[in-house]
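In the numbering used here, the protein residues as written are 1 to 307. The C-beta atom is built at its ideal place from N, Cα and C for all residues, glycine as well. In what follows, a single structure is set out as structure tokens and then discussed.
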Amino acid sequence: MSSTVMTPPAASVAVDLARVTVVLVTFHSAHCAPELGRALADFPHVTLVDNASTDDTLEQFRRHLPQASFLANERNLGFGAANNRGIWAADTEFVLLLNPDCLLNAEAVRQLIQCADAFPGAAMIGPQLLGRSGRPDISYTWAPNTWSAQGPGADADTCVGFISGACMLIRREAMVKIKGFDEGFFLYYEDTDLCLRLAQQFGALIVAPQAHVTHLSRGSSGGKGRFKAEYMRGYHHIQSKFLFNLKHQGEQVSRARRWRYCAMAALEMVVRVLVLDLARATRVMGRVAGAWRYPDDVHSRQRILSP
Numbered sequence: 001m002s003s004t005v006m007t008p009p010a011a012s013v014a015v016d017l018a019r020v021t022v023v024l025v026t027f028h029s030a031h032c033a034p035e036l037g038r039a040l041a042d043f044p045h046v047t048l049v050d051n052a053s054t055d056d057t058l059e060q061f062r063r064h065l066p067q068a069s070f071l072a073n074e075r076n077l078g079f080g081a082a083n084n085r086g087i088w089a090a091d092t093e094f095v096l097l098l099n100p101d102c103l104l105n106a107e108a109v110r111q112l113i114q115c116a117d118a119f120p121g122a123a124m125i126g127p128q129l130l131g132r133s134g135r136p137d138i139s140y141t142w143a144p145n146t147w148s149a150q151g152p153g154a155d156a157d158t159c160v161g162f163i164s165g166a167c168m169l170i171r172r173e174a175m176v177k178i179k180g181f182d183e184g185f186f187l188y189y190e191d192t193d194l195c196l197r198l199a200q201q202f203g204a205l206i207v208a209p210q211a212h213v214t215h216l217s218r219g220s221s222g223g224k225g226r227f228k229a230e231y232m233r234g235y236h237h238i239q240s241k242f243l244f245n246l247k248h249q250g251e252q253v254s255r256a257r258r259w260r261y262c263a264m265a266a267l268e269m270v271v272r273v274l275v276l277d278l279a280r281a282t283r284v285m286g287r288v289a290g291a292w293r294y295p296d297d298v299h300s301r302q303r304i305l306s307p
């Protein structure tokens, strides 16, 4: 006896997609436009927020995503702040926050919406991310612990403590209630902070492992030299880590970890140089610089972003 895979009617899928605004944040992401344009061809509501790219990102996405609305920032506001602008511009029930280096299809989003409808108390639904090889990337942690490494992969709709910011389906109303991303985080930890605040307010974040989204990790931005990219990655990562510690574990913990980390990072940087691991040495150098300039950079950014 053969089995038949049932596919939903096209009209049903179209109705589901009309409930969602896809929000993309780009920065030198022109190379992502062709594939993402094909992936999002059936989505009626797409908002692209560009963080002051100096390449032809906007031109390429206007070509490949003609149905999209475009918001062009005059300066790079960071990941969370740019996403907020896309979220506030949306008027649909859900927003789907999607990295430009993610590939999905309408069926995956329909499955996320089905999960959201089945669990109306859940503020956020996440997919099962797949890596470049097609193997599952366990990018979520188990509730209520947002601090530890990942657990085993989910095999059914499951409550978790953290969902990767690479792809999140969120009820827009929930984002309004918590005032969106904390814009003090320029890059990194903004999704961890968001998940923690949504869980505290609404209690449920769910991963739907049947919904597959391919994430070509670190493929969102191009155009920067390798060492500059590594330096900036380290710089922003450590500043966001300290800000997260401050918000959720207190000033004393944040300060103690800052100075301990500076000492350890300086030693690691010397070792990386000695073994000629220059890319990692550059990233550690960025972390040391970011730690040294924290919290002044964060306070300056918050003043700039304040209305």
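Using C-beta distances below 6 Å, list every residue in its chain close to residue 116, excluding the 5 sequence neighbours before and after it, in chain order.
Within the sequence shown, the letter at position 116 stands for residue 116. Cβ neighbours of residue 116 beyond the five flanking positions: 125.
State buried or exposed for residue 91, treating a residue as buried only when at least 16 other CB atoms are found within 10 Å of its CB.
Position 91 of the sequence shown holds residue 91. Exposed: under 16 other Cβ atoms inside 10 Å.
Is it buried or exposed for residue 100, if we count other Cβ within 10 angstroms and need 16 for buried?
Working through the sequence shown from its first residue, we reach residue 100 at position 100. Buried, by the Cβ-count rule.
Given this structure, state the Cα-to-Cα distance separating residue 277 from residue 271, to the nearest angstrom.
Within the sequence shown, residue 277 is the residue found at index 277, counting from 1. Within the sequence shown, residue 271 is the residue found at index 271, counting from 1. Whole-angstrom Cα-Cα distance: 9 Å.
Using the Cα positions of residue 13 and residue 184, report the straight-line distance between them to the nearest angstrom.
Locating residue 13 in the sequence shown gives position 13, counting from the first residue. Locating residue 184 in the sequence shown gives position 184, counting from the first residue. Using only the alpha carbons, I get a separation of about 37 Å.
Less than 6 Å between C-beta atoms, sequence neighbours within five positions excluded: which residues of the same chain meet that for residue 71?
Start at 1 with the first residue of the sequence shown, and residue 71 comes out as number 71. 49 and 85, listed in sequence order.
Within the same chain, show all residues whose beta-carbon is closer than 6 Å to that of residue 131, passing over the 5 residues directly before and after it, in chain order.
Start at 1 with the first residue of the sequence shown, and residue 131 comes out as number 131. Contacts found: 137.
Could you say which of 186, 198 and 56 lies nearest to residue 178 if we only look at CA atoms?
One-based indexing of the sequence shown puts residue 178 at position 178. Looking at the Cα atoms, 198 is the closest of the given residues.
Which residue's Cα is closest to the Cα of residue 40: 55, 63 and 56?
Numbered from its first residue, the sequence shown carries residue 40 at position 40. The option with the nearest alpha carbon to residue 40 is 63.
Answer yes if the stretch 256-273 comes into contact with the stretch 284-292, meaning at least three C-beta pairs across the two stretches below 8 Å, and no otherwise.
Because the criterion of three Cβ pairs below 8 Å is met, the stretch 284-292 and the stretch 256-273 touch.
Let me make sure I understand the geometry here. Which of 25, 154, 34 and 18 has the alpha-carbon closest to that of residue 167?
Sequence index remark: in the sequence shown, residue 167 carries index 167 (1-based). Among 25, 154, 34 and 18, the Cα nearest to that of residue 167 belongs to 25.
Go ahead and label residue 111 buried or exposed: buried means 16 or more other beta carbons lie within 10 angstroms of its beta carbon, across all protein chains shown.
Residue mapping note: residue 111 aligns to position 111 of the sequence shown, counting from 1. Burial call: buried.
In terms of alpha-carbon separation, which member of 67, 52, 51 and 53 lies closest to residue 42?
Indexing the sequence shown from 1 puts residue 42 at position 42. The candidate whose alpha carbon is nearest that of residue 42 is 67.
Given a cut-off of 8 Å on the beta-carbon distance, is the pair residue 129 and residue 215 in contact?
Sequence index remark: in the sequence shown, residue 129 carries index 129 (1-based). Sequence index remark: in the sequence shown, residue 215 carries index 215 (1-based). In this structure, residue 215 lies closer than 8 Å to residue 129 by Cβ.
Residues bridged to residue 184 by DSSP?
By 1-based counting over the sequence shown, the position of residue 184 is 184. None; residue 184 has no bridge partner.
By DSSP, does residue 313 sit in helix, in strand, or in coil?
In the structure as shown, the chain starts at 1 and stops at 307, and residue 313 therefore has no counterpart that could be examined.
Once DSSP output is grouped into helix, strand and coil, what is the label at residue 260?
Locating residue 260 in the sequence shown gives position 260, counting from the first residue. The answer is helix: DSSP assigns residue 260 an H, G or I state.
Considering only C-alpha positions, which residue in the set 209, 192, 29 and 228 is nearest to residue 80?
In the sequence shown, the residue the question calls residue 80 occupies position 80. That would be 192, whose Cα lies nearest to the Cα of residue 80.
Which same chain residues end up closer than 7 Å to residue 105 when comparing Cβ atoms and leaving out the 5 residues on each side of it in sequence?
Translated into the one-based positions of the sequence shown, residue 105 becomes position 105. Within the same chain, residue 105 has close Cβ partners 39.
Hey, is residue 134 close to the ligand NAP, as in C-beta under 7 Å from one of its heavy atoms?
Among the components of this structure there are no ligands whatsoever, and the ligand NAP is therefore not found.
Thinking just about the alpha-carbon of each residue, which of 19, 103 and 287 is nearest to the one in residue 34?
Along the sequence shown, one-based indexing puts residue 34 at 34. Measuring from the Cα of residue 34, the nearest candidate turns out to be 103.
List the whole-angstrom C-beta distance separating residue 95 from residue 19, where the pair is believed to meet the contact cut-off of C-beta under 8 Å.
Counting from 1 along the sequence shown, the entry for residue 95 is found at position 95. Counting from 1 along the sequence shown, the entry for residue 19 is found at position 19. In fact, because the Cβ distance is near 10 Å, the residues do not count as touching under 8 Å.
For residue 217, which of helix, strand or coil comes out of DSSP?
Along the sequence shown, read from residue 1 onward, the residue named residue 217 stands at position 217. If DSSP states are grouped into helix, strand and coil, residue 217 belongs with coil.
Output needed for residue 113: all residues of its chain with C-beta closer than 6 Å, excluding positions within five of it in sequence on either side, in chain order.
In the sequence shown, the residue the question calls residue 113 occupies position 113. Closer than 6 Å at Cβ, skipping near neighbours: 16.
From the DSSP output, in three-state form, read off residue 128 for me.
For the purposes of this step, residue 128 is identified with residue 128 of the sequence shown, where counting begins at 1. In this structure, residue 128 counts as strand in the three-state DSSP scheme.
Compare the Cα-Cα distances from residue 195 to each of 75, 207, 161 and 135 and report the closest residue.
As a working note, residue 195 is residue 195 in the sequence shown. The candidate whose alpha carbon is nearest that of residue 195 is 161.
Looking only at its own chain, which residues have a Cβ that is under 6 Å from the Cβ of residue 268, when we skip the five neighbours before and after it?
For the purposes of this step, residue 268 is identified with residue 268 of the sequence shown, where counting begins at 1. The answer, listed in chain order, is 284.
Between the alpha carbons of residue 155 and residue 140, how many angstroms are there, rounded?
Here residue 155 is taken as the residue at index 155 of the sequence shown, counted from 1. Here residue 140 is taken as the residue at index 140 of the sequence shown, counted from 1. Distance between the alpha carbons of residue 155 and residue 140: 13 Å.
Do residue 89 and residue 73 have their beta-carbon atoms positioned less than 8 Å apart in this structure?
In the sequence shown, counting from the first residue as 1, residue 73 sits at position 73. In the sequence shown, counting from the first residue as 1, residue 89 sits at position 89. Cβ distance not < 8 Å, so residue 73 and residue 89 don't count as in contact.
By Cβ distance below 6 Å, which residues in the same chain neighbour residue 153 in space, the five residues on each side in sequence not counted?
Here residue 153 refers to the residue found at position 153 when the sequence shown is read from its first residue. Contacts found: 136 and 138.
Alpha carbon to alpha carbon, what distance is there between residue 249 and residue 243?
Taking the sequence shown and counting its residues from 1, the one referred to as residue 243 is at position 243. Taking the sequence shown and counting its residues from 1, the one referred to as residue 249 is at position 249. About 10 Å.
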